[in-house]
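Structure record follows, encoded as structure tokens.
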Amino acid sequence: MRFAVIFLIVLMLAFASASSYSEQQYRDSFTNWMQKHSRSYASHEFNTRYSVYKKNMDYVNEWNSKGSETVLGLNSLADMTNQEYQAIYLGTKTDATARLAAASASASFGKVQGALPASIDWVAQGAVTQVKNQGQCGSCWSFSATGSTEGAHQISTSNLVALSEQNLIDCSSSYGNDGCNGGLMDNAFKYIIANGGIDTEASYPYVAKVQKCKYNPANSGATLSSYVDVTSGSESALQSQTVKGPVSVAIDASHQSFQLYDSGVYYEPACSSTNLDHGVLVVGYGTASANGSSDSDSSAASQSSSSESSDDQATQGAQFWKVKNSWGPEWGLSGYIQMARNRDNNCGIATTASQPIV
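Letter by letter, the sequence shown follows residues -18 to -1, 1 to 340 in mature numbering (1 follows the signal peptide of the UniProt record, and there is no 0).
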């Protein structure tokens, strides 16, 4: 009997720690979140989204209460389950095995001679276009590919041109890409090289669905001559390549912690380094400042105050990759994320990195 009572108390405490908000607090937070993100739901959908939001709110609170260097928040994806998020934003999961075999048989990175800079930021140097939004289409690979191509073109010509993801989605299927169902950045580079260019975003705008190919060479904004595959799994090789310009990478972004990322240096112990499902763009690297917020745009109005202060303490001195995502400026650090650097290739950031060459 005594054991049963103790067990019941433990269960009650666990439930209390996971659900530390009143119903009114949940409701007020969700209402404010809907206003902030301009969301409205049909009556039958409201209860479903509200229930999901409450669970995500509990998850964020529990994670942040542990004082992690990674701070989560109720961002624009907070009304989605993790399963919904994966299906819509990550597309088809691609294991890295085939890509690694191809990389080992082809090119490898070229090291930068001499000491590497302690930090670099291609956004500050004008080689990165504004944050884009892939919408409900698993086309992340195309945004990663255009991002590195935009960077290579700017560094070569001093002219920053936004390039067309839609061009890649519509026209590169014969190179192994599958539109909104996934693709690989290397396949996109192969298409651009063979095609003799890629159209500008202005001439071939994004619509988040596959259409008939409409490439027009008169509207080409950039060309490529080749690309290089960075030595797999080597963060030092990735650092060397990042000194030359933005680098396309694939990561494991399947976790709820990535979905609800807000600020700080992202580290997920459960991340895979081989099962990669999201294409993003490394645009720099560095070490977190003493206050942990030099590149931050904190937008988690609904996150607990205790979690806000823990970020400053946990991220001091943490090495990070500055990564551009394609989920709009409302996610993360104004559309960016700081991912852990030199921590055993966390989330596979150095597993399938590649960089185009103009």
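The beta carbon of each residue, even a glycine, is placed where N, CA and C say it ideally should be. All of these numbers come straight from a predicted model, not from anything done at the bench.
Sequence-distant residues of the same chain with beta carbon closer than 6 Å to residue i, five excluded per side
i	result
asparagine 149	Ile180, Asp181, Tyr186, Tyr197
serine 208	Ile339
serine 308	Lys114, Gln116, Cys122, Phe125
lysine 172	Tyr157
valine 264	Thr224, Val229, Val231, Trp303, Val305
valine 111	Valine is not the amino acid found at residue 111; the sequence shown has threonine there. Within the same chain, threonine 111 has close Cβ partners Glu132, Ala144.
alanine 322	Val247, Tyr249, Asn328
arginine 31	Tyr23, Asp61
isoleucine 175	Leu206
cysteine 253	Asp234, Asn328, Cys329
alanine 300	Glu51, Val247, Ala270
glutamine 68	Ser236
Through-space distance from residue j to residue i, alpha-carbon basis
i	j	result
valine 340	glycine 203	12 Å
valine 262	glycine 178	24 Å
serine 336	isoleucine 233	13 Å
leucine 166	valine 229	13 Å
glutamine 238	glutamate 51	16 Å
alanine 106	glycine 266	10 Å
asparagine 163	isoleucine 137	31 Å
asparagine 201	glutamate 183	9 Å
threonine 213	alanine 219	6 Å
glycine 310	serine 2	30 Å
glycine 55	serine 11	12 Å
alanine 134	lysine 36	43 Å
aspartate 103	tyrosine 188	27 Å
glycine 227	tyrosine 8	44 Å
aspartate 168	proline 199	21 Å
glutamate 27	serine 20	15 Å
isoleucine -10	proline 99	With a pLDDT of 42 at isoleucine -10, under the threshold of 50, the modelled position of this residue cannot be trusted; read the value that follows with caution. One C-alpha to the other measures close to 55 Å.
Candidates the options: closest to residue i by CA position
i	options	result
valine 113	Asn327, Gly268, Ala335, Glu312	Glu312
glycine 109	Glu44, Glu51, Ser124, Leu145	Note that residue 109 corresponds to alanine in the displayed sequence, not to glycine. The candidate whose alpha carbon is nearest that of alanine 109 is Leu145.
glutamate 132	Ala100, Leu206, Leu98, Asp244	Leu206
asparagine 29	Pro251, Thr13, Asp326, Ser254	Thr13
glutamate 147	Asn159, Ser138, Ala200, Leu56	Asn159
alanine 190	Ala184, Ala219, Asp152, Met321	Asp152
glutamate 5	Val105, Gln320, Met39	Met39
alanine 127	Gln17, Gln118, Ser154, Thr139	Ser154
serine 58	Gln118, Ala270, Asn46	Gln118
glycine 161	Ala176, Thr139, Lys194	Lys194
glutamine 221	Asn141, Ala97, Tyr71, Ile319	Ala97
glutamine 241	Tyr32, Glu66, Lys36	Glu66
proline 251	Asp10, Arg9, Lys37, Trp45	Trp45
isoleucine 319	Tyr243, Gly299, Ser271	Tyr243
Nonlocal neighbours in the same chain, by C-beta distance under 7 Å from residue i, ignoring five residues either side
i	result
valine 34	Asp61, Met62, Thr63
leucine 142	Gly108, Ala109, Thr111, Glu132, Gln136
alanine 170	Trp123, Ser124, Ala127, Leu150, Ser154, Asn159
Residue i, enclosing beta strand (DSSP E) - first and last residue
i	result
tyrosine 67	Note, tyrosine 67: premise wrong, no beta strand (DSSP E); alpha helix (DSSP H) at 64 to 67.
lysine 172	Where lysine 172 is concerned, there is no enclosing beta strand (DSSP E), although the alpha helix (DSSP H) it sits in stretches over 167 to 177.
tryptophan 303	301 to 306
glutamine 320	318 to 322
residue 414	In the structure as shown, the chain begins at -18 and stops at 340. Residue 414 is therefore absent and cannot be evaluated.
glutamine 337	336 to 339
serine 230	229 to 233
For residue j and residue i, believed in contact at Cβ under 8 Å, the rounded distance
i	j	result
valine 53	serine 245	5 Å
alanine 235	aspartate 211	About 21 Å separates the two Cβ atoms, so there is no contact after all.
threonine 224	glycine 330	Their Cβ separation, rounded to whole angstroms, is 16 Å, which puts threonine 224 and glycine 330 out of contact at 8 Å.
asparagine 327	threonine 333	6 Å
serine 22	methionine 16	7 Å
serine 101	threonine 269	7 Å
leucine 72	glycine 120	6 Å
Where the alpha helix (DSSP H) containing residue i begins and where it ends
i	result
histidine 26	25 to 46
leucine 220	217 to 224
glycine 133	122 to 139
tyrosine 8	5 to 18
Distance cut-off 7 Å: residue i Cβ against heavy atoms of the ligand PLP
i	result
histidine 260	No copy of the ligand PLP occurs in the structure displayed, which carries no ligand at all.
Neighbourhood of residue i by C-beta, 8 Å cutoff - its chain only, sequence neighbours within 5 removed
i	result
glutamate 217	Arg323, Asn324, Asn327, Ile331, Ala332
valine 192	Ile151, Asp152, Gly161, Cys162
glycine 215	Ser255, Asn327, Ala332, Thr333
threonine 139	Val340
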